[in-house]
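To start, the structure itself, in structure tokens.
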Amino acid sequence: MIKPNQFPVPEGVEEVTDETHLNLVHFELLNLKPRGTILFSGEKNELSFQFFAGETREEGLFARFEDSQTGSKRGGRHLPILDYLAKYPRTEGLVTIKLLQFRIMFLINRIEKVQESSSITFKMMFPSRFLKSHRRKYIRIPFNDAFPASLSFKTEQGVVTRKLKDLSREGMRLKLEKGDEVLIPPGTRLKQATLTLVNREVILGVMVVSHYPNQQAGLKILAMSEDDKAWLMEFIRVLMKQILKLPEANVTDDTGKE
């Protein structure tokens, strides 16, 4: 049994307290609602949650319980720990959230149930510090319908265009459509690939490296002109400054991971 203040801390992590990282984490929690886990004091198994944030960090951090989890024959929402948390909110836990660029981990000492009807949702304070472990060398910028980007490429059925989920200077995640998994399996080098960002088209060489749930694919950038490389680095840098609301200063998409 794990006792309070005795949670295992993985190796290869660093403590973060600066505004840049806190703003980056808040942006992803606000817009992307990533998934993660909480290991509560006295429990052996982690519970899965979908995390999201309020408009400001001061509004707090929320965790929506994934109701399909195993652990109880009567269903996830009847797990004894959930009833315990409703009565005793001052319960310690280790939170782990998987973001685009890195994983974050932090301790909580209070979690309050705020919703029960459609789903069980808890509220906690937004962390002022956390541990992070890098997942990628370069920061990935997310895209959505309000801020779109796309990749066009040639297949046996002609030229198709697919939306981007995110992008860095070394790779991207693509939103697939039905049947794409067969057309572009992992290992496929896409022909005549053209990336469209804002009003610029970038011709590049890319290869499919993996397929993910929810019809998504991970792509690695293999080749790009030097001019386009420089433009993409500046494009990402400017977006990072806007996303993180940073003043004029040196901003880099390099996470420092080797």
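Residue numbers (the numbering used here): 7 to 264. Cβ coordinates follow ideal geometry from the N, Cα and C atoms, glycine included.
Cβ contact annotation for residue 112 (same chain, cutoff 6 Å, sequence separation greater than five): 101, 133 and 136, in chain order.
Apart from the 5 residues on each side of it in sequence, residue 130 sits with its Cβ closer than 6 Å to the Cβ of 67, 114 and 117 in its chain, given in chain order. Closest in alpha carbon position to residue 213, among 202, 178, 247 and 221, is 178. Note that the C-beta distance between residue 238 and residue 180 is not below 8 Å. Rounded to the nearest whole angstrom, the CA to CA distance from residue 206 to residue 62 is 33 Å. A Cβ-Cβ contact shorter than 8 Å links residue 110 with residue 138.
Beta-bridge pairing by DSSP links residue 128 to 69 and 119. For residue 43, there is no enclosing alpha helix (DSSP H); the enclosing beta strand (DSSP E) has its first and last residue at 41-46.
Within the DSSP bridge table, the entry for residue 148 names 172 as partners.
For the pair residue 222 and residue 201, the Cα-to-Cα distance works out to about 17 Å. At least 8 Å separates the beta-carbon of residue 236 from that of residue 210. Excluding its 5 nearest sequence neighbours in each direction, residue 227 has C-beta neighbours in its own chain below 8 Å: 175, 176, 177, 178, 210, 211 and 212, listed in chain order. Looking at the backbone, the Cα of residue 159 and that of residue 28 are separated by about 37 Å. Just measuring C-alpha positions, the residue of 208, 192, 42 and 161 sitting nearest residue 155 is 208. Counting along the chain, residue 188 sits inside the alpha helix (DSSP H) bounded by residues 186-189. At a Cβ-Cβ threshold of 8 Å, residue 242 and residue 147 count as neighbours. For residue 47 and residue 54, the gap between their C-alpha atoms comes out near 15 Å. In the three-state scheme derived from DSSP, where H, G and I count as helix and E and B as strand, residue 26 is classed as helix. Taken through DSSP and simplified to helix, strand or coil, residue 240 comes out as helix. Judged by beta-carbon spacing, residue 161 lies beyond the 8 Å limit of residue 203, meaning their Cβ atoms are not closer than that value. Counting only unbroken stretches of 3 or more residues, the beta strand (DSSP E) elements lying wholly within the region 187-211 are 197-203, in sequence order. The shortest C-alpha to C-alpha distance from residue 246 to any of 52, 44 and 107 is the one to 107. Cβ-Cβ distances below 8 Å link residue 95 to 116, 117, 118 and 119 in the same chain, with the five nearest sequence neighbours on each side left out; the list follows chain order. By the neighbour-count criterion, in which 16 or more other beta carbons inside 10 Å mark a residue as buried, residue 64 falls on the exposed side.
The residue among 97, 20 and 37 with its C-alpha nearest the C-alpha of residue 172 is 37. The straight-line gap separating the alpha-carbon atoms of residue 103 and residue 196 is approximately 32 Å.
For residue 50, there is no enclosing beta strand (DSSP E), since its DSSP letter is neither H nor E.
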